[in-house]
Structures are given as structure tokens and as C-alpha cells.
Amino acid sequence: MEWPANKVREAYFTYFAEHGHTFVPSSPTIPHDDPTLLFANAGMRSGVRVVYYGQSHCTKNYGPLELLYIKKLLYKPIFLGTADPTTDFGKLKRAYNAQKCIRAGGKHNDLDDVGKDVYHHTFFEMLGNWSFGDYFKKEALTMGWDLLTKVYKLPSERLYVTYYGGDPEKGLEPDNETRALWLELGLDASRILPFGNKENFWEMGDQGPCGPCSEIHFDRIGGRDASALVNLDDPDVLEIWNLVFIQFNREADGSLRPLPNKHVDTGMGLERLVSVMQNKTSNYDTDIFMPIFGRIQELTGARTYTGHVGDADTDGIDMAYRVIADHVRTLLFAISDGGVPSNEGRGYVLRRILRRGCRYARRKFGVTIGTFFASIVDTVVSAMGEVYPEITKKVDDVKAILNEEEESFSRTLDRGERLFESCLTAAQSTGSRVISGADAWRLYDTFGFPLDLTHLMAEERGFQVDQEQFNKEQEKAKELSRKGRGSAKQASRAVILDVHDIAMVDGASVVKTYDEPKYTKEVITAKVCGLFLNHELHSRLDRGETDEEGLGRPFGVLLDQTNFYAESGGQEYDTGLLTVGNEAEFVVENVQAYGGFVLHTGHLTFGSLEVGQTVTASYDSVRRAALARNHTGTHILNLALRNVLQSEAGDQRGSLVAPEKLRFDFNCKGALTTKQLQDVEAQCNEVIKKDLEVHSQEVGLAQGKEINGLRAVFGEVYPDPVRVVVVGPKVSEVLADASNPKWQEYSVEFCGGTHVSSTKKIGGLVLLEESSVAKGVRRIVALTGSEAKVAQDLAVKFKSTLSTLDTLKGADLKTALKSIGKELDAIPISAPLKAQFRERFNSAKKVFDDADKAAKLSQVKEALDAVKEKLNSTSEPLVVEILQVGSNSKAIVGAITHAKTAASHAVYLFSADESAGRVTHQCYVPPSLIKKGLKASEWAGVVADIVGGKKGGKEESAQGSGSEVSRIKEAAQAASDYAKKLL
Numbered sequence: 015m016e017w018p019a020n021k022v023r024e025a026y027f028t029y030f031a032e033h034g035h036t037f038v039p040s041s042p043t044i045p046h047d048d049p050t051l052l053f054a055n056a057g058m059r060s061g062v063r064v065v066y067y068g069q070s071h072c073t074k075n076y077g078p079l080e081l082l083y084i085k086k087l088l089y090k091p092i093f094l095g096t097a098d099p100t101t102d103f104g105k106l107k108r109a110y111n112a113q114k115c116i117r118a119g120g121k122h123n124d125l126d127d128v129g130k131d132v133y134h135h136t137f138f139e140m141l142g143n144w145s146f147g148d149y150f151k152k153e154a155l156t157m158g159w160d161l162l163t164k165v166y167k168l169p170s171e172r173l174y175v176t177y178y179g180g181d182p183e184k185g186l187e188p189d190n191e192t193r194a195l196w197l198e199l200g201l202d203a204s205r206i207l208p209f210g211n212k213e214n215f216w217e218m219g220d221q222g223p224c225g226p227c228s229e230i231h232f233d234r235i236g237g238r239d240a241s242a243l244v245n246l247d248d249p250d251v252l253e254i255w256n257l258v259f260i261q262f263n264r265e266a267d268g269s270l271r272p273l274p275n276k277h278v279d280t281g282m283g284l285e286r287l288v289s290v291m292q293n294k295t296s297n298y299d300t301d302i303f304m305p306i307f308g309r310i311q312e313l314t315g316a317r318t319y320t321g322h323v324g325d326a327d328t329d330g331i332d333m334a335y336r337v338i339a340d341h342v343r344t345l346l347f348a349i350s351d352g353g354v355p356s357n358e359g360r361g362y363v364l365r366r367i368l369r370r371g372c373r374y375a376r377r378k379f380g381v382t383i384g385t386f387f388a389s390i391v392d393t394v395v396s397a398m399g400e401v402y403p404e405i406t407k408k409v410d411d412v413k414a415i416l417n418e419e420e421e422s423f424s425r426t427l428d429r430g431e432r433l434f435e436s437c438l439t440a441a442q443s444t445g446s447r448v449i450s451g452a453d454a455w456r457l458y459d460t461f462g463f464p465l466d467l468t469h470l471m472a473e474e475r476g477f478q479v480d481q482e483q484f485n486k487e488q489e490k491a492k493e494l495s496r497k498g499r500g501s502a503k504q505a506s507r508a509v510i511l512d513v514h515d516i517a518m519v520d521g522a523s524v525v526k527t528y529d530e531p532k533y534t535k536e537v538i539t540a541k542v543c544g545l546f547l548n549h550e551l552h553s554r555l556d557r558g559e560t561d562e563e564g565l566g567r568p569f570g571v572l573l574d575q576t577n578f579y580a581e582s583g584g585q586e587y588d589t590g591l592l593t594v595g596n597e598a599e600f601v602v603e604n605v606q607a608y609g610g611f612v613l614h615t616g617h618l619t620f621g622s623l624e625v626g627q628t629v630t631a632s633y634d635s636v637r638r639a640a641l642a643r644n645h646t647g648t649h650i651l652n653l654a655l656r657n658v659l660q661s662e663a664g665d666q667r668g669s670l671v672a673p674e675k676l677r678f679d680f681n682c683k684g685a686l687t688t689k690q691l692q693d694v695e696a697q698c699n700e701v702i703k704k705d706l707e708v709h710s711q712e713v714g715l716a717q718g719k720e721i722n723g724l725r726a727v728f729g730e731v732y733p734d735p736v737r738v739v740v741v742g743p744k745v746s747e748v749l750a751d752a753s754n755p756k757w758q759e760y761s762v763e764f765c766g767g768t769h770v771s772s773t774k775k776i777g778g779l780v781l782l783e784e785s786s787v788a789k790g791v792r793r794i795v796a797l798t799g800s801e802a803k804v805a806q807d808l809a810v811k812f813k814s815t816l817s818t819l820d821t822l823k824g825a826d827l828k829t830a831l832k833s834i835g836k837e838l839d840a841i842p843i844s845a846p847l848k849a850q851f852r853e854r855f856n857s858a859k860k861v862f863d864d865a866d867k868a869a870k871l872s873q874v875k876e877a878l879d880a881v882k883e884k885l886n887s888t889s890e891p892l893v894v895e896i897l898q899v900g901s902n903s904k905a906i907v908g909a910i911t912h913a914k915t916a917a918s919h920a921v922y923l924f925s926a927d928e929s930a931g932r933v934t935h936q937c938y939v940p941p942s943l944i945k946k947g948l949k950a951s952e953w954a955g956v957v958a959d960i961v962g963g964k965k966g967g968k969e970e971s972a973q974g975s976g977s978e979v980s981r982i983k984e985a986a987q988a989a990s991d992y993a994k995k996l997l
């Protein structure tokens, strides 16, 4: 084969490397730094490579440290001008790569189409090259044409190009510049075609970077004029490359504003290009997929893949081949990048992909699902592991996750199909061919059955799903969820700088904020450089209108220097005050950084602020101290986890440093044992007791990476120089002997956060809880300082409460066990200590339960003996007895059962449980006495009228319970009197 897939990719890399572009490794398919993002996506309408927020695109304004993640190819900050200009990321001018992409969620979702045709995929590779304010249209078009016709040697007469034809209604002119450039490159005018907004105006979403684009299409057949088939989804005339010219920003009001700089962002799907280079009519017929098909056939014994679609695919086998081959690639890359199937967000999408594939495997190939997908993984790893080595490192973990998910779904699928049949039956009973949307929602929400499978199964049976009703049910659930959330007050008062604001601020010669004082000074004086309100800079602002809570209007303050910490790296922002003597006071509610500017947002309580004024800036030292304790505590916790878990502990997956707690997410295959939690907590507190000094220093990135035992956040890219934080030795001491293994004994991390000066100031650390975030990812929530002390005091108090169980017996013990059990469930104390208390509590409860069980067995015997004796000793046909068996219904039932075997007496038995405030009663009437008019159900009614509660039963037997314990003797007498009248 002249052009195998690997050669096609490598030729692209070589070309752009030779043309001055920097190679940037593919970002992970999973954007770990923000759980609200689904997947890295680089479809032809998503050239900036990522940023899907569920059903809508990203419009979030990121702080500078969040943008230092070059491996994500999150180029949007460069387009917007918000990237930190001091980093390699911010300095980037030309780039190229092959980006791993997953297109299975959000606005551009190909999942439901995979398999139905021969060109949709959920996982694909996007070849791309970028210019950031460097070259523009002419160079981009020239390089694109040159690569296709001279390197790949595609026949130029088979290539057609499109350009933006304008939109008179929106006042947008045609992109005649691009058309003219194509003419200069030698294309005939008949093969340069104008199209509208849908095809040739690229946008991220309702807001954000955008601009016209030019697509390159290829005619597989040739020897004809195929211009009329461009953009008609003809499989033989397909788009292979999209060159986007990003020159505008779509504003919130829908208007377009030119960006400060112009950029190029191109995307070419590798799978399509390979099909062209290998002269195949389908992506699935190339060497990318055929080895996977071969493995599927080997595992299933199915017929050979023939490439049919629709009605031609009579048995559906070809569609099943495509679905499984596509989905196994998606799952392998997503899980290798840290994704895990779960019940929400991207995890649910992955679970849905696997479950969709499993159903095809079982239905079309007759596979017993459980290990099927894992059996295909090695084939994909063999083909792509050299280009993407990350998939070779976690093969066993990927297989284990797939196997567990498959096995779980085998049960869900069996149950779901049975429930689906009941939904069909319900629809048929009304004469409808539409499955209720409420039923479909219940299948999804309660039983985890994916909606697309419900649609698919309905179509197979000639039914439809009421999608509108499903959506209404889903919205009801969302509304209930929203009602449970906290107030959005703070969010509604947010003030942010967008791309144009930053350009405006920069253009107004406002100095970038010097923020080094945040590490050293609690109070500083600073000069007001800008006042920001309603996307404008103001020279003076006063309190203005107040809201319903009496707060002044929110606005932003830019200072020449600040000691406030802007939110980043998991650490929350500082709050505090900006004051001008007794003339003005500005309450700082939030602090964020945008492209080198630190914006302090809040409101004036009195007075006014003016540009040029000198203010006293003081952060809330109590809040800052709590943040510092928790941040240093996070570092100590990270070290302790590594020491205790050894090889079981993986990369950090996220963190939150708030004043009241810290949260730390990390890779781990399973839950930590109580012993492991004890050891982690003990090691943390041992470091705290040692009162080790905490040192920090900026060092060269390369030099810092040489430190033995360095801990860094998974997938993070750090600035150069980078701040190194060491707990114990001085940074200079560590750097002087960086390879020394003894540094593994200390906490050494890259970190830009604020910390205590010594560990003793943390006060103590309590592991509040340890839980699962997703498969393979665990979360620890911990407390330090006063919060930790409160938890420790609660534990001491609860230990004393727990000890009272040793002094109680009987009903008192039963009552105490109930109350103490509830308290134990809710009490916020050390997780390992809580586990010890739980063990002690369970031991006491078991002793009680065993004794209670023995007592109840004894009561059963006592009740039976008492009734036997009474039946044998009386000549009257009536027995009414009050037994001393408490609420032991088994004792009464056993005695009544014996009476039934005798069938000679009418029997009514009572028992009272004073501690529970409950009267239990049950009666039996033999057939011979029913004939005389005594019926059990009516007899029980007489009793229920006295003791209260409900009763039920039939003529022969009835029972009930009430709350009027003090009237039990009265009820027994009434029962006796009533029966005697009839007998």
C-alpha cells in the first residue's frame, strides 16, 4: 500500500514542520481541568479544538493560569487575546498537530449516525495547522494547495473549493479576497463556489471567535464537472479540509466585532484523507478500520464485512461492524486519557457508547457480552500505539473497566429490554404506535437505559418515541435539581473582561498588574489604574444604584499592583477592602486575572473611586489564613497518599482549596481501607507536628522538572519560570542536589498558590470523607485549622456517647441504638475514626440484635404455650388473652396458627409495646363459629375502635395495630363481650 495511514499523517507533520510550525502534542480527549466540558472536539465546525459545555459552547472567561494548558490545544485564549504573554503558550505563532477528537455529545454529536453510513465517527483524528496573528489567508491557502497537489499528489482537476458568499440580511460582504487568491493559485472559476453561513462561516456558538472559511472538496470519481454536487452530502464528493479565517468575535447581542489580530485555524480529517489516498469509497474500507473488522470476525465467526448500508445491509451485520470498530477506538482513547464511564456528564456519554456497541454485539453477532470490547483493544493499540503512546500505558486498566461495564450492562440490557416490552404493551393497549415519553424517561432516569437505544429498539418494532414528552419530563427533573441549588446571587454580580475589554484596557495603556505582593504583604498601597463597568473604562465611579440587598452596583477595579490572590490552580480568590482613608471603601467580592490584568470586583459602601487615587489594599487575613492552611494541607495530603498507596496512587485529578475545607481528587483503583486512611491522616499530622518550614522560589521549568519526587498536576503545562513549593528543605538546597532520592520524603510541587510559613500553623488535618468521583478516581475531603479542631472535639464527645451503650439494656438500649446510629451517619468527623466508631457501634448492635432475637424466640414459645394451655383448659368456645410479647408479631402469629390447627375456639390475642406506644392484636374464628355470626373482620373492628389504628382481614382471620396502649384491657374486654353475645 503506497499511502498507509501512518504515512499520510507523517507527511502532514513533515510539511508543516518545514514551514516553520511548532508541533504541539495532541491534547487529551478528556479535559480534566474542567468537569463541565465533555470532550476535546475538532470537527470541521469546531476548529478551535475543544470547548463543549454540554448542549452549548464555551463562553467562560478563563484566568491566565487556567490557560497555561497547551496540551489541550485550547487556542481560544490566543484568539481572544487572553493568554498569558509570558508563557510559551502566549508566544506561540505557528502550530500543527494531529488532535485526538471525540464527537459524541453537545451540539455536534455524531454518535447516533455512526454505523448508518460509511463516514461518521465518534473518534477521529484531525490534522490541523494554525497561525496566531502571523500569516493569514494567502499563506494558508497556498500551503494547503501545495500540500495536497505536490506532496499527496492529488489531481488538481478533482479539487473544488468554497468560499463565503456573504449575507446581505446581516450586512456581511462576500469573501472575495479568498476567491481571488484561489484564482491566483490556478483554479478555474467554475470550481470556486460561494456558499452561505451554514457552510462557510465558522462559529464556536452563540458567542466567541468566528470568521469565514474556505473548504476544499475532492471528487473521488473525476473526469466530470462535480461542482453541482459540492456540499450535497454526496459520498463521492467530500470535503477534506476546512481553512478557517478567525477575524471576528460574536458578541452577546449577536453583532460581530473585529478581533485585535487575525488568525488561521484549519482542520483536515485524517480518516477521510486516508480514504482518498487509498482510493477507497469509505473511511471504513481503509487500513484504519479493516484490521479491527478482522478481529471482530475472528471473535464472532461472522461473515466478512461488505460495506453495505441501509436496505442493502439486509442483516445489519455491516452496520454492527462499523459501530463496534468506531466505538472501541473512542473508548480506548477516552479511558486512556482518564475518562471513566459513569452516570453523568462525559462519563455517561462513554457509558452510552459502550452500551450501544454492546447491544449491536449481542443482537447482530450473538456475542455474550462481558469481555468482548476488551478483546478488541490490543488490535487498536497495535495500530496506533506508536503515534499515541499514552494508549499503551494503561491497557490492563482499560480492559478491566470495559469488562466491568460490559458485565454490568448485560444485566441492565436484560432488564431494560423487559421493561421496554412493557412500554410497547402499554402503547399497544391504547392503539398507538408511539411509546410514552414518560416511559422512555423512566427507562433512562431510573434504570439507566440510554434514550438512543430506546429509539433504536422502537424503530425496529415499527414504533416511535414521544420525544417532546421525554424532553418535558427531563426538564421537570432539571427544575427540581435547580431548586436544590444555592443562590446565584454572586454569579449575577460577576464582572468580567472579555477579549475586547482586554484589548481596550491594553490600548488605554493600563499597566499589567504586578501581583508578587500577594505572597508577602497583607496590606499595601496601590494606584487605581482603571475602573471597569459595562465594558467601558471610567475615570470615576460612585456607589450608584443599589440592589434588593442594599449593595452598590458591582464594578471592577484595576490596580498597578495587588496583594490579592486571583482565583487559579484550585485555590479560591481573596476578598477584602480597598480604602481611601475615610473617604471611600470598596468591598472586594471576587478577584480574577485576565491576560495579565487582575480585576478586583465588588461594590462601594460609601464614597467614590477615581483613576490615579492611591488606595490601601487589604485582604481578609482570616480567609487568607484558612486558604493557606488548606493549600499547604493539600500538598501534605498529596505526599501522604503517595507514601501510603505507593503504586496504587496515580496522578492528581483536581483540587479545591476553599476557606472551610480542601478537596483532592486522585487516581486510585479502589476505595482506601480504614488502615490506609488512618496512615494517611497520621502522616499528615506528623508533618504538621514537626513544624517544617514551607519554602517557595521561582526556578527554571526544566531545572524544576529534574527534582526527584516532584509532584505535578496531571496534564498541566507550567509557566517558565515556575514556582516550586517545598515543605521542609529550602528550595536552593533541593536544587543543589536535585536527583537525590531523599527529596521523595518531602512535599515538592509546582504551585502558584499561597501557603503557611510552617506546617504547625495548619493546626491539624482531619480526613472528613473518602469517596468515588468516577471509576478509578477517588476524592478526599479534609479539614484543617479550627474546622479540624471542631471535628476532633465532636469525635471526643461522640466517643463518650458511644460508651453509654455499654450501660444500657432492653428497650433503653434499642432506643439508644436508633438515635446514636443516626448521629453516627451524619456526624462530620475523621473518616478513619468514624470507621472505628462504626465498628464499635455495629458490635454493640449485634449483641443487642442477638439477644433480641433470642428473646423473641423465647416469646414465641411462651405465647404458644400460653395459648395451648388455655385451649386445653377451657370448655368455652372463646379465648381472649393479653400476652406479654411486646411488638413481637411472630409470637402472636405462631399462637394464632396453632389455634387454626385446633379449629375449635374463637381466639383473640393482644400484646402491648409501651416503649413503642403500639398495641398489636389478631383474631381467628373457626368455620363452625362463623356460622353463628362471629366474623373476624367485624370482631377486629370492635377492637380498632378502642385502640385506634387500622385493621384488616376476612371472616376467618383479622389483625390490626393501634396506639392506645392504656386501653388494651378495655379492648380485650370489649372483644370478649362482643363474641359472647353471638356465641
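With our numbering, letter number 583 in the sequence shown gets 597, and the count goes up by one each step, no holes.
Using N, Cα and C, we set each Cβ at its ideal position, and we do this for glycine too.
Note that the coordinates shown come from a computational prediction; the quantities given were computed from them, not determined experimentally.
I need the straight-line Cα distance from residue i to residue j, nearest angstrom please.
i	j	result
ALA802	GLY778	6 Å
GLY616	VAL605	9 Å
GLY399	GLY610	39 Å
ASN548	ARG567	11 Å
LYS86	THR43	Low local confidence applies: a pLDDT of 30 at LYS86 is under 50, so the model's placement there is unreliable, with the coordinate-based value given in what follows. The straight-line gap from Cα to Cα measures roughly 8 Å.
GLN442	GLU431	16 Å
GLY308	LYS294	18 Å
ASN699	THR821	34 Å
GLU759	ARG667	22 Å
VAL671	THR439	53 Å
VAL38	GLN697	40 Å
ASP327	MET333	7 Å
Compare the beta carbon distance of residue i and residue j with 8 Å and say whether it is the shorter of the two.
i	j	result
ILE306	ILE230	no
THR539	THR648	no
LEU827	PHE851	no
ALA954	GLY967	yes
PHE764	TYR732	yes
ARG637	THR593	no
According to DSSP, residue i sits in a beta bridge with which residue or residues?
i	result
ARG932	ASP927
ASP233	VAL251
THR798	LEU779
GLN585	SER582, VAL671
MET398	Answer is none; MET398 lacks a bridge partner.
GLY566	THR560
ILE390	Partner(s): none; ILE390 has no beta bridge.
ALA642	Looking at the DSSP assignment, ALA642 forms no beta bridge with any residue, so it has no partner.
Can you give me the Cβ contacts of residue i inside the same chain, cut-off strictly under 6 Å, excluding the 5 residues immediately before and after it?
i	result
GLN936	ILE906, ILE910, LEU923, GLN973
Comparing alpha-carbon positions, which option in the options lies nearest residue i?
i	options	result
ARG343	ASN275, HIS135, ASP410	HIS135
PHE262	LEU273, SER269, TRP255	LEU273
ALA880	LYS867, VAL921, SER857	VAL921
ILE896	LYS811, GLN987, ASN657	GLN987
THR744	LYS719, HIS709, THR768, ALA989	Going by the sequence as given, residue 744 is Lys instead of Thr. When only C-alpha atoms are compared, the closest one is HIS709.
TRP1007	LYS167, TYR133, ILE367, ARG557	Beyond the ends of the chain as shown, which are 15 and 997, falls residue 1007; an answer cannot be given.
Whose C-beta lies closer than 8 Å to the C-beta of residue i among residues of the same chain, with five residues either side of it excluded?
i	result
SER980	none
ARG854	LEU816
LEU819	LEU827, ALA830, LEU831, ILE834, PHE855, ALA858
Considering only residues of the same chain and omitting the five flanking positions on each side of residue i, which have a CB-CB separation below 7 Å?
i	result
HIS33	MET157
GLU581	GLY77, TYR587, VAL605, GLN606
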